[in-house]
Amino acid sequence: MVTDWASSDPLHFKELEQERRLFLALTWHLPETQKPVPNTSTNRKRLTVWRNTARIALRIAAVIAIGLILGTMLYTYKVDSLTEQMLAIQTPAGQRMNTTLTDGTQVWLNSQARVEYPVLFSRNERRVKVSGEVMFDVTKSADRPFIVETYACDIEVLGTKFNVIADEQNGRFSTALLRGEVRITSRVDGQQILMKPNDVVSLENGKLRLSHIDDQDEYLWPEGYISLKNKNFNDLIEEFARVFDARIEVRGSIDGADRRYKWGKIRIADGVDDALEILQASYRFTYTRDIETNEIIIH
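In structure tokens, the structure reads:
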């Protein structure tokens with residue numbers, strides 16, 4: 044089709060535009076070629092008028108048709124170009140961010156997370172790329188599935204709320220479904236899992252494993268909390284370093300460092316000192332902190 048040919052290459056579009064202008068110039072400047080009509084013949088006069096009217100109508104119809112074709116082509120070309128232009132959001136260390144995509148989907152990015160998405164989603168699907176920890180509340184659209192692409196798996200949804208951790212550097216991947224239904228597809232071997240609410244899928248030894256959410260507080264980070272449940276000292280120190288953008292060095296061994304909390308949460312806004320003081324109630328240690336460099340030494 045002409046539209047396919049023209050939209051496939053900007054040079055084709057430019058060539059068709061030149062042809063259109065030439066056609067218009069020729070159409071509106073063609074000389075009138077009317078046969079002499081005897082003054083005594085009323086019927087011939089009417090026929091000439093009808094022919095002139097028909098000729099003008101054909102010209103108008105041709106211009107409208109070309110205009111519609113070019114308008115459609117121009118719109119399609121602009122839309123396609125926008126779907127190919129990518130935007131990216133990355134949160135600095137120690138910060139969180141919330142944004143809304145063009146389809147109304149809500150996105151929360153945890154510290155050092157990154158999301159890539161097109162300026163305008165295509166007509167067939169809504170695809171984004173993710174690294175780090177991100178939570179989505181996806182606007183429902185039956186005709187356009189929402190696909191989250193990570194280093195390990197693709198996550199396909201229609202309308203749902205879920206949390207994604209895609210940490211390629213440390214080989215961590217998990218998806219927790221809070222509402223709706225999603226399908227996980229492994230990029231390694233094509234393994235698929237259909238998730239229901241409160242399911243968690245994690246990547247272990249190259250395989251996807253299905254389990255259930257133990258603690259809903261684990262997914263309160265968009266609201267500014269760190270969950271303590273089922274985490275030990277080392278788990279929390281690693282999380283504090285990321286959340287508070289601090290360099291934390293542990294010197295020596297900590298008694299009972301493997302003990303895990305059964306419950307509890309920490310408010311991020313209270314700061315790293317408050318978080319460490321809460322840990323001191325369960326683990327015996329002292330620490331020093333350089334406020335300027337945010338370096339923390341634990342003894």
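The sequence shown begins at 44 in this note's numbering and counts up one residue at a time. Using N, Cα and C, we set each Cβ at its ideal position, and we do this for glycine too. Every value quoted in this text rests on a predicted model; they were computed, and no experiment measured them.
Inset, instruction - Look at the Cβ atom of Ile190, then the Cβ atom of Val200, and state whether they are nearer than 9 Å. - result: On the sequence shown, position 147 is the one that residue 190 refers to. On the sequence shown, position 157 is the one that residue 200 refers to. Less than 9 Å divides the Cβ of Ile190 from the Cβ of Val200.
Legend entry - Local Cβ density within 10 Å of Ile341, reported as buried at 16 or more and exposed below that: For this step, residue 341 is matched to residue 298 along the sequence shown. Result: buried.
Inset, instruction - Use the C-beta contact count for Val225: other C-beta atoms within 10 angstroms, 16 or more gives buried, fewer gives exposed. - result: Within the sequence shown, residue 225 is the residue found at index 182, counting from 1. When all chains shown are included, Val225 counts as buried.
Legend entry - Those runs of the alpha helix (DSSP H) which lie wholly inside the region 252-338 and span at least 4 residues: Annotation: the region 252-338 contains the following complete segments of the alpha helix (DSSP H) (minimum length 4 residues), in chain order: 276-286 and 315-323.
Legend entry - Pair within 9 Å by beta-carbon distance, Lys308 and Asp257: Locating residue 308 in the sequence shown gives position 265, where the first residue counts as 1. Locating residue 257 in the sequence shown gives position 214, where the first residue counts as 1. Cβ atoms of Lys308 and Asp257: not closer than 9 Å.
Inset, instruction - For the beta strand (DSSP E) containing Gln235, list its first residue and its last residue. - result: On the sequence shown, residue 235 is found 192 positions in, with the first residue counted as 1. Segment Gln235 to Met238, the beta strand (DSSP E) holding Gln235.
Inset, instruction - Determine the burial state of Thr134: buried for a count of at least 16 other Cβ atoms within 10 Å of its Cβ, exposed for fewer. - result: Looking up residue 134 in the sequence shown gives position 91. Burial call: buried.
Inset, instruction - May I ask you to report which of helix, strand or coil DSSP gives Glu127? - result: Here residue 127 corresponds to residue number 84 of the sequence shown, with the count starting at 1. Helix, per DSSP.
Inset, instruction - Could you please give the first and the last residue of the uninterrupted beta strand (DSSP E) stretch that includes Thr145? - result: For the purposes of this step, residue 145 is taken as residue 102 along the sequence shown, with counting starting at 1. Thr145 -> no beta strand (DSSP E), and no H or E assigned at all.
Legend entry - Supposed close pair Ala318, Phe283 - CB separation, criterion 8 Å: The residue you call residue 318 lines up with position 275 of the sequence shown. The residue you call residue 283 lines up with position 240 of the sequence shown. Going by Cβ atoms, the distance from Ala318 to Phe283 rounds to 6 Å, so yes, they are a contact pair.
Inset, instruction - Report yes if the C-beta distance between Lys272 and Lys305 is below 9 Å; otherwise report no. - result: Residue 272 sits at position 229 when you count from the first residue of the sequence shown. Residue 305 sits at position 262 when you count from the first residue of the sequence shown. Yes; because the gap between Cβ atoms is below 9 Å, this pair is in contact.
Legend entry - Where Arg178 falls, given that 16 or more other Cβ within 10 Å makes a residue buried: Stepping through the sequence shown from its first residue, residue 178 is reached at position 135. Sequence check: residue 178 is Met here, not Arg. Its Cβ being crowded by 16 or more others within 10 Å, Met178 is buried.
Legend entry - Close beta carbons around Thr142, own chain, < 7 Å, minus the five adjacent residues each side: As a first step, residue 142 must be located in the sequence shown, where it is residue number 99. Answer for Thr142: Ile132 and Val150, listed in chain order.
Legend entry - Distance between beta carbons of Phe216 and Ser7, contact taken as under 8 Å: With the chain running from 44 to 342 in the structure shown, residue 7 is simply not present.
Inset, instruction - Would you mind working out which of Glu335, Thr329 and Asp278 sits nearest Asp301, comparing C-alpha positions? - result: Taking the sequence shown and counting its residues from 1, one reaches residue 301 at position 258. It is Asp278.
Legend entry - Coarse secondary structure for Asn153, derived from DSSP in three states: As a working note, residue 153 is residue 110 in the sequence shown. Asn153 carries a coil assignment under DSSP once its states are collapsed to helix, strand and coil.
Legend entry - Length-filtered (3 minimum) beta strand (DSSP E) runs lying within the region 181-220: Listed in chain order, they are 189-192, 196-200 and 204-210.
Inset, instruction - Pull up the DSSP beta-bridge partners for Asp242, would you. - result: Residue 242 sits at position 199 when you count from the first residue of the sequence shown. Residue pairing by DSSP puts Asp242 in a beta bridge opposite His255.
Legend entry - Those residues which DSSP pairs with Ser229 across a bridge: Position 186 of the sequence shown, counted from the start, is the residue given in the question as residue 229. Answer is Cys196, bridged to Ser229.
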